[in-house]
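2 protein chains.
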Amino acid sequence: MNSSESSDEGGRPYHHGDLRNALVDAAATLAEEGGPDAVTIRAAARAVGVTPTATYRHFANQADLLHAAKHEAMDRLAGTILDLLASEKPAPHPAEAAVQRLAAAGRGYIRFALAQPGLFRTAFLRPHSGDAHPSTEISAILAEAPPYAFLTTVLDDLRAAGWLAPELRPDAETAAWAAVHGLAVLLVDGPYGDCPDTERDRLINATLGMVVRGLSGGPASDAPLNAE
Amino acid sequence: MNSSESSDEGGRPYHHGDLRNALVDAAATLAEEGGPDAVTIRAAARAVGVTPTATYRHFANQADLLHAAKHEAMDRLAGTILDLLASEKPAPHPAEAAVQRLAAAGRGYIRFALAQPGLFRTAFLRPHSGDAHPSTEISAILAEAPPYAFLTTVLDDLRAAGWLAPELRPDAETAAWAAVHGLAVLLVDGPYGDCPDTERDRLINATLGMVVRGLSGGPASDAPLNAE
DNA sequence: CGTTAACTTTGCAGATGTTAACTTTCCTTA
DNA sequence: TAAGGAAAGTTAACATCTGCAAAGTTAACG
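First to last, the protein sequences are chains C and V. In terms of my numbering, the first sequence is residues 1031 to 1258. In terms of my numbering, the second sequence is residues 1031 to 1258.
Structure below.
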C-alpha cells in the first residue's frame, strides 16, 4: 500500500520525478571532482541512486550527458563572473569604471578556474565532432560561451569612454579573452600549477595590465607585425 | 638457427633493441591521433608489435608512459617554434627584429596547436599529482615548458631595444605566453573551433598586436587596475 | 656455462557503453 | 470508475576495453 507513496516514509518512488536535472547535477559534481573523464553514465546514475539504463530515457548516450555537464559548467562560470561584477562598485570616471569591470570579469574568470578546475576543464571541452553545426555566426560562439557577452558589453563601454582605440575594437573580445583564458589554463593545468598565491596575483595583474594597455591606442599601434 | 637473426629475414628478433624509444614514438603517434586519452599501455605495445607487459620493462606504469609522451609532445612544439624562428630573416632595426621574432614565436606556437591538436593537448596535460616537486623555481617551469626559454630571450632583446618598458619586464613572459596559449586553446578546443582561415589569421594578428602594444610602456601604463 | 635482462603467455579484476526485454506507475480516455 | 496505453524505471546480459601481476621462455653477455 505504501508503494506509491511519493512523500517521505521509506523507499523512494519508482518515478524519480526530476531525473534529468538530477543527472545533470550529478554529472556536474562528477566533473567538479574528477574532470570531464569522470562524467560517465554509470557514475551519474550511481550518484542519483538509479539504474544506469534509466539514464537513456533522458540522454541519448554518454556524449549527450557530457554535453549537458559542459553547459552546466559554462553556466556556473558565467554565474561566478556575474556575481563578482555585481559586487563591484563602479569607479566615478566612465573609462575607469569600464577598465575596472573588464579586470573584474577577468579576475572572476580566473577565480572560477582555480576554484573549480574540474568544471573549468569540462566547460571548455572540445565540442564532440558530430554536434557541430558549421555556423560561424557570432551568436553561435555566444551560445557556447556566455562570458563572451560580458566581454562585448564591457568593451563597448570601454570604446564609448574613449579608451579603446576604434580600429582595435573588432577583435578586442578575442584578444582579451585569449589572454585571460590562457592565464587561467596555465595556472590550472600548466606549468604554473603550484604557484604561491602572492606570485599568482602578480601574474594576474601583469596579464590584465597588458590587456588593458594593449587595447588602448598608443605609440605602438603601428607595430611592425608582418603576417606570414 | 635463424632465430637469433637481428637483421632482415622474417621474424623480428626477440629483443627489440630500442623498445623504449619505439614506445615513446608510438605513444606520441597515439596522442597525435587521439589525444592523451589514447595513450594506453596496450595500444602503444600493439603499435610496436610487442606484448603489453613488455612495456613494464621500460615504464613503471601507464602514467609514466604518458609522462614520456607529454615530454615528447612538448619537445615537438619547441621544435616547430625553433624551425619557424630560424627561417625568419631579421628586420634591420633591432626593435623591429625583436618584435618580429616575438610574433613569429607566437605564430609557430599557434600553428603547432592547430596542426597537431592531439599533441598540443598532451603537451599541456596537467601534471599528475604525485610527480609534483613543489619547487617554484623558474628552472622548473623552464624544464616543463621549453617555449618559455625562447620567450625569455626574445623579451630580453625587446627590453634591450628599448621597446619593452622596464617595469613591465618581470612578468612579461607570463602575460605574453598567456595570450598566445589562450588563443591557441580557444582555436583548437574552444568556441572558435571551426573558424574560417581568414578570420583566424585576423584573430591571431589582433592578439599578437595586443601583446606587443601591451608590453610597451605607453600612456596607459598607469591604468586603474585595482587589485581585489 | 650460468646469470640476468628482455620479452611472452596467461589470466585476473574492474571498468565502461549499450541493447533487449520486463515491470511499475501514471495519466488519459471511454 | 475501470481499462489500457505510454512513460519511466529495473534486471540481465553482452562486448569491449583497461591496468597490472605471476610465472615461464628466449637470448645476450661476461
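All C-beta atoms in this analysis are idealised placements derived from N, C-alpha and C, irrespective of residue type, glycine included.
| Item | Value |
| --- | --- |
| Any heavy atom of the ligand ZN within a distance shorter than 7 Å of the CB on V1218 (chain C)? | No copy of the ligand ZN appears in this structure; indeed no ligand is present at all. |
| Give the straight-line distance between the Cα atoms of T1110 (chain V) and Y1086 (chain V), rounded to the nearest whole angstrom. | 31 Å |
| Should the stretch 1048 to 1061 of chain C be regarded as contacting the stretch 1089 to 1106 of chain C, the criterion being three or more beta carbon pairs within less than 8 Å? | yes |
| Find the residues of chain C that neighbour E1174 (chain V), judging by a C-beta separation of less than 7 Å, and give them in chain order. | P1221 |
| Would you mind telling me which residues of chain V sit closer than 8 Å to I1171 (chain C), beta carbon to beta carbon, in chain order? | P1221 and Y1222 |
| Between the Cα of R1151 (chain V) and those of V:G1064, V:A1236, V:R1243 and V:V1242, spot the shortest distance and give me the residue it belongs to. | V:G1064 |
| Quick check on the DSSP output: the alpha helix (DSSP H) that includes A1205 (chain C) runs from which residue to which? | A1202 to V1218 |
| Spatial neighbours of E1118 (chain V) within its chain, please: CB distance less than 6 Å, with the 5 preceding and 5 following residues excluded, ordered by chain position. | A1134 |
| My guess is that H1088 (chain C) and R1050 (chain C) are in contact by the Cβ rule of under 8 Å, so how many angstroms apart are they, rounded? | 4 Å |
| Closest Cβ-Cβ distance between R1072 (chain C) and chain V: below 8 Å? | no |
| Determine the burial state of R1131 (chain C): buried for a count of at least 16 other Cβ atoms within 10 Å of its Cβ, exposed for fewer. | buried |
| For L1238 (chain V), which residues in the same chain have their Cβ closer than 6 Å to its Cβ, ignoring the five residues on either side in sequence? | A1133 and G1136 |
| Residues of chain C with CB under 8 Å from F1154 (chain V), in chain order? | V1215, D1219 and G1220 |
| Residues of chain V with a CB under 7 Å from the CB of P1124 (chain C): which are they? | Result: empty, since nearest Cβ-Cβ is about 12 Å, beyond 7 Å. |
| Tell me the DSSP secondary structure of S1159 (chain C) in three-state form. | coil |
| Establish whether the CB of L1245 (chain C) and some CB of chain V are separated by less than 8 Å. | yes |
| Around the C-beta of S1033 (chain C), are 16 or more other C-beta atoms found within 10 angstroms, so that it is buried, or is it exposed? | Model confidence at S1033 (chain C) stands at a pLDDT of 38, short of 50, so the residue's coordinates are unreliable; what they give is reported in the following sentence. S1033 (chain C) comes out exposed. |
| Can you tell me where the alpha helix (DSSP H) holding Y1178 (chain V) begins and where it ends? | P1177 to A1190 |
| Determine the DSSP secondary structure at S1169 (chain V), reduced to helix, strand or coil. | helix |
| Report the rounded CA-to-CA distance for G1040 (chain V) versus A1103 (chain V), giving the unit in angstroms. | Its pLDDT being 46, under 50, G1040 (chain V) is placed unreliably by the model, and the measurement read from it follows with that caveat. Taking the straight line joining both Cα atoms gives about 33 Å. |
| Below 8 Å, how does it come out for the stretch 1186 to 1202 of chain V and the stretch 1193 to 1202 of chain C: are there three or more Cβ pairs, yes or no? | no |
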